[in-house]
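Q: Input: one structure, supplied below.
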Amino acid sequence: MRRDWMDIVLVCGLAVSLASPAFSQDEALEAADQASGQPEDAADAGQDSLDEPFVLGPFAQPIDITEFVAYVAETLGINISRDAALTGQIAFNTGVEITKRDLLPLLDARLEDLGYTVVLDSMGFYSIKKTADIRINPGEDPGATTRFIPTPGVRPSALQRMISTQLGIAVQQGNQAVAGVRISYEDELGMIVMTDSPRRIAAVEALVGAFLEQRNALITETIELDHISAPQAKARASQLLNAESTARNVFNQVNQGVDPNSLGQSQTGSGSLASRLTVDPAGNNLIFRGLPEEFDEIRSIIEAVDKPSQLVAKRYFTGTSTRAIAENASKWGFGEVDFTSTTDDNNNQNFGFRNFQQQQQQGNAFGTGQDQEEVVGGSRMLADVGRGVIVYFATEQLHEQFADLVEKLGADDEEIVVQTYKLEYADAEEVADLLQALIERTRPQTEASAFLPRDGGNNNQPRFVVTPNGFQPAEVDAASPQGFNPNPDTSFVIADVGNNQIVITAPRQTQDEFAQLIQRIDLRRAQVYIEATIVAVNDTDTFRLAIESQFLDLNGSGEGGGVRTNFGLSSLDMFTNSTAVATGLPGVTAALIKDDYIPFIITATKRDANSRVIATPQLLVDDNSEATVLTSQNVPYQVTTTTDISQQTTFEFESAETKLTVTPQISAGGTIRMDYDILLEAFTDTAPVGSPPPKQTNNITGESVTVPSDSTVVIGGLVIDSNTDTVLRVPLFGDIPLVGHLFRDTRKEGAKTTLYVFLKPRVLREPTLNDYRLLTEGPQAASGLGSDIPYLPPVVMRSTWKVEEPEDTPSLDNGGPRIGLPSESNPNIDQRDLKREDD
Numbered sequence: 002m003r004r005d006w007m008d009i010v011l012v013c014g015l016a017v018s019l020a021s022p023a024f025s026q027d028e029a030l031e032a033a034d035q036a037s038g039q040p041e042d043a044a045d046a047g048q049d050s051l052d053e054p055f056v057l058g059p060f061a062q063p064i065d066i067t068e069f070v071a072y073v074a075e076t077l078g079i080n081i082s083r084d085a086a087l088t089g090q091i092a093f094n095t096g097v098e099i100t101k102r103d104l105l106p107l108l109d110a111r112l113e114d115l116g117y118t119v120v121l122d123s124m125g126f127y128s129i130k131k132t133a134d135i136r137i138n139p140g141e142d143p144g145a146t147t148r149f150i151p152t153p154g155v156r157p158s159a160l161q162r163m164i165s166t167q168l169g170i171a172v173q174q175g176n177q178a179v180a181g182v183r184i185s186y187e188d189e190l191g192m193i194v195m196t197d198s199p200r201r202i203a204a205v206e207a208l209v210g211a212f213l214e215q216r217n218a219l220i221t222e223t224i225e226l227d228h229i230s231a232p233q234a235k236a237r238a239s240q241l242l243n244a245e246s247t248a249r250n251v252f253n254q255v256n257q258g259v260d261p262n263s264l265g266q267s268q269t270g271s272g273s274l275a276s277r278l279t280v281d282p283a284g285n286n287l288i289f290r291g292l293p294e295e296f297d298e299i300r301s302i303i304e305a306v307d308k309p310s311q312l313v314a315k316r317y318f319t320g321t322s323t324r325a326i327a328e329n330a331s332k333w334g335f336g337e338v339d340f341t342s343t344t345d346d347n348n349n350q351n352f353g354f355r356n357f358q359q360q361q362q363q364g365n366a367f368g369t370g371q372d373q374e375e376v377v378g379g380s381r382m383l384a385d386v387g388r389g390v391i392v393y394f395a396t397e398q399l400h401e402q403f404a405d406l407v408e409k410l411g412a413d414d415e416e417i418v419v420q421t422y423k424l425e426y427a428d429a430e431e432v433a434d435l436l437q438a439l440i441e442r443t444r445p446q447t448e449a450s451a452f453l454p455r456d457g458g459n460n461n462q463p464r465f466v467v468t469p470n471g472f473q474p475a476e477v478d479a480a481s482p483q484g485f486n487p488n489p490d491t492s493f494v495i496a497d498v499g500n501n502q503i504v505i506t507a508p509r510q511t512q513d514e515f516a517q518l519i520q521r522i523d524l525r526r527a528q529v530y531i532e533a534t535i536v537a538v539n540d541t542d543t544f545r546l547a548i549e550s551q552f553l554d555l556n557g558s559g560e561g562g563g564v565r566t567n568f569g570l571s572s573l574d575m576f577t578n579s580t581a582v583a584t585g586l587p588g589v590t591a592a593l594i595k596d597d598y599i600p601f602i603i604t605a606t607k608r609d610a611n612s613r614v615i616a617t618p619q620l621l622v623d624d625n626s627e628a629t630v631l632t633s634q635n636v637p638y639q640v641t642t643t644t645d646i647s648q649q650t651t652f653e654f655e656s657a658e659t660k661l662t663v664t665p666q667i668s669a670g671g672t673i674r675m676d677y678d679i680l681l682e683a684f685t686d687t688a689p690v691g692s693p694p695p696k697q698t699n700n701i702t703g704e705s706v707t708v709p710s711d712s713t714v715v716i717g718g719l720v721i722d723s724n725t726d727t728v729l730r731v732p733l734f735g736d737i738p739l740v741g742h743l744f745r746d747t748r749k750e751g752a753k754t755t756l757y758v759f760l761k762p763r764v765l766r767e768p769t770l771n772d773y774r775l776l777t778e779g780p781q782a783a784s785g786l787g788s789d790i791p792y793l794p795p796v797v798m799r800s801t802w803k804v805e806e807p808e809d810t811p812s813l814d815n816g817g818p819r820i821g822l823p824s825e826s827n828p829n830i831d832q833r834d835l836k837r838e839d840d
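If you count by our numbering, then the sequence shown holds residues 2 to 840, one letter each, in order.
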């Protein structure tokens, strides 16, 4: 304890011996000189005393931080207030040679280790505060705690990571501020706002200044390229700068769509120079941004790679042997090979996975595995397995050898050719759709089709199934049908509608199969002539008997009573007046009239309406084709529209249609299967005022019906019989026998509708089309149209009768036609039809 007190006494004695009226800052010294009225020479002497060195320490024990604060304040003659919670010690194991000007920075440095700092407020007082409690004090004074640091030409947020790393603080994420750190990056103003200790602010300012100075030393140059693309030049330069013997990473990055500007940024060593290059989007140039001494090295490398290529690209058709040719050619030294496929997306994915597996298996077989390096440069093959072609990049000498290899394989049968096929009977679009469906396999084929060649080989391709171990071929049933199986990747069909022909793009060997299939499809189809008879009979009977009565007993004063019934036969304005018989009543109307009233009004009506509608639509349609015949009748009627200010009358139309839609299918047994839809509409009466005429609609639909050919059959019918009795009467009085007719209106309505549909189909198969001509003669004559039979001039025909001659009589045969043989004048006439009937 005594020794501690001795050390304190020594420290205090040292502080007294070193005490002087000098200040630690120039401004404080100048203020003290002006206050004491000293001359300028004395002020200069004070400045010299601030820079006069002296030795501080050593001390046997650490000095309390508060004692050191008091020493600095007394030595510099300044006021320093401190936080009461300030504790700590400073050790001076050896003597330190410093000046009075360095005392305050030394104190601030020691306080920073304890989480405190020395700040100067606007009144000129120094205070020691915790770093977290520093208040905002903007200004240009070195002791200001808030400073605006400009970053000309650089986005302030771009320096955030560098500053945070150097200060040892976490990087701010988004708008989330880190506790204890008051640094904001204002990109809009181009400056950094920082509130911290003057010492840390000065360090950040120096860091930003050094960064800007280094950045100002960068230069920007454009390197023009003549023989190579800018991304590839950058990739090759990156490869050379990294001193790598392979370019697997660079090759994969370029071909997988990685931004060429990002190539080389993650490289090590001298390859960091590649990050100085960017691709010019406006041309085939590279833009360099870096130090002048780096540009010389970059330019020399670019000049070395920007040379014209000596490799020539040629295309070779190799068919299904593409993979085998490419792999063996690569082993024989023709160059590296890259596989691709131009199939659909799913096939691309499957092929890509299968190709990757095969490459892995080959690599493992050679003991290289995934780490097998890919050679860059030299001749190279691009094998398109889907299209069966190889694009070879090589010199002329290598092309001659490779062409000889491909020629010996004889892949001409697999060459894609274009051929046209003229159709005689079938529709080009329908045949093209059918063939394309077979190519694309839009419908599964469970059995061999009648259209397919019978001598076709086994063209079924194995199905690949994805398993955890990769692709495995699925088992193929040996009993499954074999036949036409084109490749959808190499075959395509399009219709030439104008010339009624189809154009097929397919391998040469597949074109023969297409020709056989088209020959079986392009057949003349039989036709069906359908006569339909639709009969609709409507019988309607209506009867009405109505009697109105009126009895009045009134005196001269108009007083009394009366009784009146109303069934619409009269009109009355006042009850005490006599009624007026309505005009326009149908049937017979009779009335008993007195001078003051009408006792009786009687009307009787009976109406019989009979209608018979017969529709006979006829149509000619191909087998398995749909046809429709339609006739429509439009009847106008008036429609009156009344508003508050006007009344408008317009005409609208109501239509009644007769429609027949049928799809026949001829069977081998002489019957016809038909799908039909029959619609018969007819007006049953005239149109009432303001409403459309009443219409009856009859519809018969059959999904499938089989009828014999050349026979009239009824396929449907409908009979509707309805009777309606309506009696409007006065209760009680209308129920009295006989007398009750005076108090009621009796109506009776009866309707009967009969509908039958008859169909008579006829199959027309005559190759010479004579049945068409005979079928046309009747309608043609009924329509008054002239015959279109062409004029046939007389032709001399030689007799085909052969006279039996005796054996000894010379033969008269001079080479003329014989009986039973076609005539030379008309080879379509069979001479056996010309024999005499008596033979």
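All C-beta atoms in this analysis are idealised placements derived from N, C-alpha and C, irrespective of residue type, glycine included.
According to the neighbour-count rule (16 or more other Cβ atoms, all chains shown, within 10 Å of its Cβ), is Pro508 buried or exposed?
A: Counted from its first residue, the sequence shown places residue 508 at position 507. Burial is judged here by how many other beta carbons sit within 10 angstroms of a residue's own beta carbon; Pro508 has at least 16 and is buried.
Q: Between which two residues does the alpha helix (DSSP H) carrying Glu68 extend?
A: On the sequence shown, position 67 is the one that residue 68 refers to. From DSSP, the alpha helix (DSSP H) with Glu68 extends over 66-77.
Q: Would the beta-carbon of Thr118 fall within 8 Å of that of Arg216?
A: Start at 1 with the first residue of the sequence shown, and residue 118 comes out as number 117. Start at 1 with the first residue of the sequence shown, and residue 216 comes out as number 215. No, these two residues do not count as a Cβ contact at 8 Å.
Q: Please list, in chain order, all residues of the same chain as Ser656 whose beta carbon is under 6 Å from its beta carbon, the five residues on each side excluded.
A: For the purposes of this step, residue 656 is taken as residue 655 along the sequence shown, with counting starting at 1. These residues qualify, in order along the chain: Ser633, Asn635.
Q: Between the alpha carbons of Asn460 and Gly703, how many angstroms are there, rounded?
A: Stepping through the sequence shown from its first residue, residue 460 is reached at position 459. Stepping through the sequence shown from its first residue, residue 703 is reached at position 702. Interpretation of Asn460 is limited by its pLDDT of 42, a score under 50 that renders its predicted location unreliable; no figure is taken from the coordinates.
Q: Report the option in Ser710, Thr642, Asn539 whose CA atom is closest to the CA atom of Gln697.
A: Numbered from 1 along the sequence shown, position 696 holds the residue referred to as residue 697. The candidate whose alpha carbon is nearest that of Gln697 is Asn539.
Q: Tell me which same chain residues have a C-beta within less than 8 Å of the C-beta of Glu425, skipping the five on either side of it?
A: What you label residue 425 is simply residue 424 of the sequence shown in a count that begins at 1. Around Glu425: Asp523, Arg525.
Q: What residues are listed by DSSP as bridge partners for Arg316?
A: Working through the sequence shown from its first residue, we reach residue 316 at position 315. Within the DSSP secondary-structure output, Arg316 pairs in a beta bridge with Val392.
Q: Following the continuous beta strand (DSSP E) through Ile170, name the residue where it begins and the one where it ends.
A: The residue labelled residue 170 in the question sits at position 169 within the sequence shown. Per DSSP, Ile170 belongs to no beta strand (DSSP E) and is neither H nor E.
Q: With H, G and I counted as helix, E and B as strand and the rest as coil, what does DSSP make of Val622?
A: Taking the sequence shown and counting its residues from 1, one reaches residue 622 at position 621. Reduced to three states, the DSSP call for Val622 is strand.
Q: What did DSSP end up calling Gln26 once you bin it into helix, strand or coil?
A: By one-based count along the sequence shown, residue 26 stands at place 25. With a pLDDT of 39 at Gln26, under the threshold of 50, the modelled position of this residue cannot be trusted; read the value that follows with caution. Coil, per DSSP.
Q: Is DSSP giving Gln502 helix, strand or coil here?
A: On the sequence shown, residue 502 is found 501 positions in, with the first residue counted as 1. Correct three-state label for Gln502: strand.
Q: Can you name, in chain order, every residue of its own chain whose Cβ lies under 6 Å from the Cβ of Leu719, other than the five neighbours on each side?
A: The residue labelled residue 719 in the question sits at position 718 within the sequence shown. These residues qualify, in order along the chain: Leu756.
Q: To which residues does DSSP link Phe93 through a beta bridge?
A: As a position in the sequence shown, residue 93 is number 92, starting the count at 1. None; Phe93 has no bridge partner.
Q: Does the contact criterion of 3 or more C-beta pairs under 8 Å hold for the stretch 604-616 versus the stretch 638-656?
A: no
Q: To the nearest angstrom, how far is it from the Cα of Asp686 to the Cα of Thr534?
A: Within the sequence shown, residue 686 is the residue found at index 685, counting from 1. Within the sequence shown, residue 534 is the residue found at index 533, counting from 1. So the two alpha carbons sit approximately 23 Å from each other.
Q: Specify whether the stretch 150-159 and the stretch 101-118 touch according to this definition: at least 3 beta carbon pairs, one from each stretch, less than 8 Å apart.
A: no
Q: Counting only beta-carbon separations shorter than 8 Å, does Gly670 have a partner in chain D?
A: Included in the structure is just one protein chain, with no chain D present.
Q: Per DSSP, what are the beta-bridge partners of Met382 in this structure?
A: Your numbering for residue 382 matches position 381 in the sequence shown. Met382 pairs with Val338, Tyr393.
Q: Measuring alpha carbon to alpha carbon, tell me which of Phe652, Gly670, Ala305, Phe335 ends up nearest Val690.
A: Locating residue 690 in the sequence shown gives position 689, counting from the first residue. Among Phe652, Gly670, Ala305, Phe335, the Cα nearest to that of Val690 is on Phe652.
Q: Just checking my contact of Leu292 with Leu219 at CB under 8 Å: how many whole Å lie between their CB atoms?
A: Working through the sequence shown from its first residue, we reach residue 292 at position 291. Working through the sequence shown from its first residue, we reach residue 219 at position 218. Contact holds; Cβ gap of about 6 Å.
Q: Could you pull out every residue in the same chain whose Cβ sits closer than 7 Å to the Cβ of Gly336, ignoring the five residues on either side in sequence?
A: Numbered from its first residue, the sequence shown carries residue 336 at position 335. Here the set comprises Gly379, Ser380, Arg381, Met382, Ala395.
Q: The alpha helix (DSSP H) spanning Tyr773 covers which residue range?
A: As a working note, residue 773 is residue 772 in the sequence shown. In this chain, the alpha helix (DSSP H) harbouring Tyr773 covers 771-783.
Q: From Leu242 to Arg290, what does the alpha carbon distance come to, in whole angstroms?
A: Counting from 1 along the sequence shown, the entry for residue 242 is found at position 241. Counting from 1 along the sequence shown, the entry for residue 290 is found at position 289. Spanning the two alpha carbons is a distance of roughly 16 Å.
Q: Going by the beta-carbon positions, is the gap between Leu115 and Gly89 smaller than 8 Å?
A: Residue mapping note: residue 115 aligns to position 114 of the sequence shown, counting from 1. Residue mapping note: residue 89 aligns to position 88 of the sequence shown, counting from 1. Yes, these two residues count as a Cβ contact at 8 Å.
Q: Just confirm the distance between the C-beta atoms of Ala1 and Arg316, as a whole number of angstroms; I'd bet it's less than 8 Å.
A: Residue coverage of the chain in this structure runs from 2 to 840, which leaves residue 1 outside it and unanswerable.
Q: When DSSP labels each residue in this structure, what does Glu225 get in the three-state scheme?
A: Locating residue 225 in the sequence shown gives position 224, where the first residue counts as 1. Strand at Glu225.
Q: Following the continuous alpha helix (DSSP H) through Ser331, name the residue where it begins and the one where it ends.
A: By one-based count along the sequence shown, residue 331 stands at place 330. 323-332 is the extent of the alpha helix (DSSP H) around Ser331.
Q: From Ile66 to Glu294, what does the alpha carbon distance come to, in whole angstroms?
A: The sequence position of residue 66 within the sequence shown is 65, counting from 1. The sequence position of residue 294 within the sequence shown is 293, counting from 1. Each residue's alpha carbon lies about 51 Å from the other.
Q: Under 8 Å: do the stretch 746-753 and the stretch 722-737 share three or more Cβ pairs, one atom per stretch?
A: yes
Q: Nearest-angstrom Cα distance between Ser647 and Ile603?
A: Translated into the one-based positions of the sequence shown, residue 647 becomes position 646. Translated into the one-based positions of the sequence shown, residue 603 becomes position 602. For Ser647 and Ile603, the distance between alpha carbons rounds to 39 Å.
Q: Who are Phe744's beta bridge partners in DSSP?
A: In the sequence shown, the residue the question calls residue 744 occupies position 743. According to DSSP, Phe744 bridges with nothing at all.
Q: Assign Gln311 to one of two classes, buried (16 or more other C-beta atoms within 10 Å of its C-beta) or exposed (fewer than that).
A: Indexing the sequence shown from 1 puts residue 311 at position 310. Under this definition Gln311 is an exposed residue.
Q: Suppose the cutoff is 8 Å on Cβ atoms and the five residues either side in sequence are ignored; what does the same chain contact list for Ala178 look like?
A: In the sequence shown, the residue the question calls residue 178 occupies position 177. In this prediction, Ala178 has a pLDDT of 49, which is less than 50 and means its spatial position is unreliable; nothing more can be read from the coordinates.
Q: Report buried or exposed for Phe126, applying the criterion of at least 16 other Cβ atoms within 10 angstroms of its Cβ.
A: By one-based count along the sequence shown, residue 126 stands at place 125. The residue is exposed, with fewer than 16 neighbouring Cβ atoms inside 10 Å.
Q: Considering only residues of the stretch 634-681, which uninterrupted alpha helix (DSSP H) runs meet the minimum length of 4 residues and lie entirely inside it, listed in chain order?
A: none
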